[in-house]
Amino acid sequence: MKKVTDENVIPLFPEEPQTQDSAWRKSIPAQVFLNYFFAINYHINHSQENATLQNQVFFRQHAADLTEQDLQALTKMLHNSWSTEYALRATAELGDETYLRNALHWTFPQAYYAVFAGLQAFLYTLGIKTNQEAVIRREAGRLVVKNAYPRTIGFYAAGPYHDFSIHRLPLAGYKAGLQIAGKEIEAQAQIGQFLRTTRKLAATTIRQQVQNNPATAIRSSKTGQVLDKWSVQHWQQITWRMGYTTLFDLLSRLRISSSHKEIDRFVEAQIDFRLFHESLLEIVSYLNGIHESYVAKAMGIEKYRQLVQELPPHLQNRFVEARLKTQVGPLFQGGATLQLAVAA
Numbered sequence: 117m118k119k120v121t122d123e124n125v126i127p128l129f130p131e132e133p134q135t136q137d138s139a140w141r142k143s144i145p146a147q148v149f150l151n152y153f154f155a156i157n158y159h160i161n162h163s164q165e166n167a168t169l170q171n172q173v174f175f176r177q178h179a180a181d182l183t184e185q186d187l188q189a190l191t192k193m194l195h196n197s198w199s200t201e202y203a204l205r206a207t208a209e210l211g212d213e214t215y216l217r218n219a220l221h222w223t224f225p226q227a228y229y230a231v232f233a234g235l236q237a238f239l240y241t242l243g244i245k246t247n248q249e250a251v252i253r254r255e256a257g258r259l260v261v262k263n264a265y266p267r268t269i270g271f272y273a274a275g276p277y278h279d280f281s282i283h284r285l286p287l288a289g290y291k292a293g294l295q296i297a298g299k300e301i302e303a304q305a306q307i308g309q310f311l312r313t314t315r316k317l318a319a320t321t322i323r324q325q326v327q328n329n330p331a332t333a334i335r336s337s338k339t340g341q342v343l344d345k346w347s348v349q350h351w352q353q354i355t356w357r358m359g360y361t362t363l364f365d366l367l368s369r370l371r372i373s374s375s376h377k378e379i380d381r382f383v384e385a386q387i388d389f390r391l392f393h394e395s396l397l398e399i400v401s402y403l404n405g406i407h408e409s410y411v412a413k414a415m416g417i418e419k420y421r422q423l424v425q426e427l428p429p430h431l432q433n434r435f436v437e438a439r440l441k442t443q444v445g446p447l448f449q450g451g452a453t454l455q456l457a458v459a460a
């Protein structure tokens, strides 16, 4: 039998050079990452589930006794969020696709920290006053489970490694494809995969931390040596450390990617960078609108309106005011619906 080699295999697409095929394969991780965030945005905009705070009991019951010092602290957090979002938006306004490609080094973390600062302000109104990212993500996870967020972003993963369960995402069990989501089933499948891979990374990271510490390392009952391999029971022992895996943990992957050489793989990939940027921006705007609504509920809508009126010059007459009109304000007008359109 003649030996099969690369030289005598007829390619499926002979019109495409091998170098392009190689470049496409190298682009797969970046394409999958784009698929994930596009899927999240698609789900927010196309899900049949509630995407507003209008009927959330947690929102209606939200109240806070804020001092003048508290109001100043909240104003600072919101300004941090808005200024970071402003920078993220400016990138889209200033650059073409080549610019957006090379801007990933800062747009990834900008997307994360714009949401992070708004989330921090929301937690502050609940009496959770911290700037520790791990604590903030853990508390956000608890709020997701408690239905503080609209159903459309209320999904989460729980359970130990090798036995993850996905909640509030009924189609998450389907196999995720490599194509941009065009149907709700495809979006949920990709979000489900993103939740599982992110929780797996969290589990393996915690395992490494536990085993690298002589005081916490799990050892063999026979030899006393630190175990190289874990059983199901060992993985279950660290589940409590993981909390819930939510949308905010998915967003934290942007921070991780920006601080590693992994970002170079994105810059060199052949993907739609403008679509990636637009997806991130719409997710950021939606989540910031949610958190701003909670802050407005806590401080009172009139005080919040005054805060918006007194914005620094670079933020005046822009997305913050537009979001107040379309997302935040309607929640206080009795019966109006929070719009999903991203403020211009």
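My numbering applies: residue 117 is where the sequence shown begins, and numbers increase by one. Backbone N, C-alpha and C fix where the C-beta goes; we use that ideal spot for every residue, glycine too. Just so it is clear, the structure is predicted and the values come from calculations on it, not from any experiment.
*asked:* I'd like to know whether the C-beta of Y240 is nearer than 8 angstroms to at least one C-beta of chain C.
replied: Among the protein chains of the structure shown there is no chain C, as only one such chain exists.
*Going by the CB atoms, is the gap between A146 and A385 shorter than 8 angstroms?*
As a first step, residue 385 is located in the sequence shown; it is residue number 269 there, counting from the start. As a first step, residue 146 is located in the sequence shown; it is residue number 30 there, counting from the start. With respect to A146, A385 sits close: the two C-beta atoms are nearer than 8 angstroms.
_8 angstroms Cβ cutoff met for H407 and T223_ = As a working mapping, residue 407 is identified with position 291 in the sequence shown. As a working mapping, residue 223 is identified with position 107 in the sequence shown. Contact flag unset, no.
_Do E300 and H162 count as a contact pair if the criterion is CB distance below 8 angstroms?_
Mapped onto the sequence shown, residue 162 falls at position 46. Mapped onto the sequence shown, residue 300 falls at position 184. The answer is yes: Cβ separation under 8 angstroms.
*Relative to the C-alpha of D279, which residue among L239, T355, L216 and A303 is closest?*
In the sequence shown, counting from the first residue as 1, residue 279 sits at position 163. Comparing Cα-Cα distances from D279 to each of L239, T355, L216 and A303, the minimum goes to T355.
*Between N404 and A230, which are expected to be in contact by the criterion C-beta below 8 angstroms, what is the C-beta distance as a whole number of angstroms?*
The residue given as residue 404 occupies position 288 in the sequence shown. The residue given as residue 230 occupies position 114 in the sequence shown. That pair is a contact at about 7 angstroms.
_Is it the case that the region 181 to 194 contacts the region 414 to 427, given that we only count it when at least three CB pairs across the two stretches are under 8 angstroms?_
Here the region 414 to 427 makes contact with the region 181 to 194; the two share three or more CB pairs at distances below 8 angstroms.
*Any idea what DSSP makes of A274, helix, strand or coil?*
If you number the sequence shown from 1, residue 274 lands on position 158. In this structure, A274 counts as strand in the three-state DSSP scheme.
*Evaluate contact between the region 244 to 260 and the region 357 to 372, counting only Cβ atoms and requiring at least three cross-stretch pairs below 8 angstroms.*
Yes: at least three Cβ pairs fall under 8 angstroms.
*Going by DSSP, what residues sit across from S281 in a beta bridge?*
Looking up residue 281 in the sequence shown gives position 165. Paired residue(s): A274.
*Who are T268's beta bridge partners in DSSP?*
Taking the sequence shown and counting its residues from 1, one reaches residue 268 at position 152. Beta-bridge pairing by DSSP links T268 to no other residue.
*Just to confirm, are S435 and E201 a CB contact at a threshold of 8 angstroms?*
Within the sequence shown, the letter at position 319 stands for residue 435. Within the sequence shown, the letter at position 85 stands for residue 201. The residue you asked about is not Ser; residue 435 is Phe in the sequence shown. A Cβ-Cβ contact shorter than 8 angstroms links F435 with E201.
*Who pairs with T361 in a beta bridge, going by DSSP?*
Start at 1 with the first residue of the sequence shown, and residue 361 comes out as number 245. Answer by DSSP bridge pairing, in chain order: A273.
*For I350, collect the residues of the same chain with a Cβ closer than 6 angstroms to its Cβ; drop the 5 residues on either side in sequence, then sort them by chain order.*
What you label residue 350 is simply residue 234 of the sequence shown in a count that begins at 1. The sequence shown places His at residue 350, not Ile. Contacts found: I334.
_Rounding to the nearest angstrom, what Cα-Cα distance links Q324 and Q248 in this structure?_
The residue you call residue 324 lines up with position 208 of the sequence shown. The residue you call residue 248 lines up with position 132 of the sequence shown. Approximately 21 angstroms between the Cα atoms of the pair.
*What is the DSSP secondary structure of R434, counted as helix, strand or coil?*
Within the sequence shown, residue 434 is the residue found at index 318, counting from 1. Residue state, collapsed to three classes: coil.
_Beta-carbon separation (whole angstroms), Q304 vs L287, contact threshold 8 angstroms_ = Counting from one through the sequence shown, the residue named residue 304 turns up at place 188. Counting from one through the sequence shown, the residue named residue 287 turns up at place 171. About 4 angstroms separates the beta carbon of Q304 from that of L287, a gap short enough to meet the 8 angstroms contact definition.
_Q443 vs S409 beta-carbon contact at 8 angstroms_ = Counting from 1 along the sequence shown, the entry for residue 443 is found at position 327. Counting from 1 along the sequence shown, the entry for residue 409 is found at position 293. Against a cut-off of 8 angstroms, the Cβ pair of S409 and Q443 comes out as a contact.
*Spatially closest choice to F382 from A331, E418, G270 and A219, by CA coordinates*: Within the sequence shown, residue 382 is the residue found at index 266, counting from 1. When the alpha-carbon of F382 is set against those of A331, E418, G270 and A219, the nearest one is in A219.
*Could you work out which residue in D186, T183, E418 and L235 is closest to V400 when comparing CA atoms only?*
Within the sequence shown, residue 400 is the residue found at index 284, counting from 1. Taking V400 as reference, the option from D186, T183, E418 and L235 with the minimal CA-CA separation is L235.
*Do A250 and Q226 have their C-beta atoms closer together than 8 angstroms?*
Sequence index remark: in the sequence shown, residue 250 carries index 134 (1-based). Sequence index remark: in the sequence shown, residue 226 carries index 110 (1-based). Remark: C-beta atoms of A250 and Q226 do not approach each other more closely than 8 angstroms.
*CA nearest to the CA of N171, picked from K291, R141, A264 and G308*: Along the sequence shown, one-based indexing puts residue 171 at 55. Closest by alpha carbon: A264.
*Note the first and the last residue of the continuous alpha helix (DSSP H) segment covering E165.*
Locating residue 165 in the sequence shown gives position 49, counting from the first residue. Counting along the chain, no alpha helix (DSSP H) covers E165, and no H or E run does either.
*Between the beta-carbon of L169 and the beta-carbon of L447, is there less than 8 angstroms?*
One-based indexing of the sequence shown puts residue 169 at position 53. One-based indexing of the sequence shown puts residue 447 at position 331. For L169 and L447, yes; Cβs fall inside 8 angstroms.
*asked:* Relative to the C-alpha of F149, which candidate in A318, Q295, Q352 and S336 has its C-alpha closest?
replied: Indexing the sequence shown from 1 puts residue 149 at position 33. Nearest to F149 by alpha-carbon distance, out of A318, Q295, Q352 and S336, is Q295.
*Taking the C-alpha atoms as reference points, what is the distance between L216 and S143?*
Within the sequence shown, numbered from 1, the residue matching residue 216 stands at position 100. Within the sequence shown, numbered from 1, the residue matching residue 143 stands at position 27. Each residue's Cα considered, the two are about 16 angstroms apart.
*Sub-8 angstroms separation of A414 and H178 beta-carbons*: Mapped onto the sequence shown, residue 414 falls at position 298. Mapped onto the sequence shown, residue 178 falls at position 62. Yes.
*Give me whichever residues DSSP pairs with R335 in a beta bridge.*
Position 219 of the sequence shown, counted from the start, is the residue given in the question as residue 335. Its beta-bridge partners are V342.
*Beta carbon of L70 nearer than 8 angstroms to that of A273*: Past the edges of the chain, shown from 117 to 460, lies residue 70, and the structure says nothing about it.
*asked:* In whole angstroms, give me the CA-to-CA distance for T314 and H159.
replied: Here residue 314 refers to the residue found at position 198 of the sequence shown. Here residue 159 refers to the residue found at position 43 of the sequence shown. In a straight line, the C-alpha of T314 is about 18 angstroms away from that of H159.
*Tell me whether E131 sits in a helix, a strand or coil according to DSSP, three-state version.*
Taking the first residue of the sequence shown as 1, we reach residue 131 at position 15. For E131, the predicted model reports a pLDDT of 41, less than 50, meaning its position is unreliable and no value from the coordinates is stated.
*Rounded to a whole number of angstroms, what is the C-alpha to C-alpha distance between H221 and G275?*
The sequence position of residue 221 within the sequence shown is 105, counting from 1. The sequence position of residue 275 within the sequence shown is 159, counting from 1. The straight-line gap from Cα to Cα measures roughly 33 angstroms.
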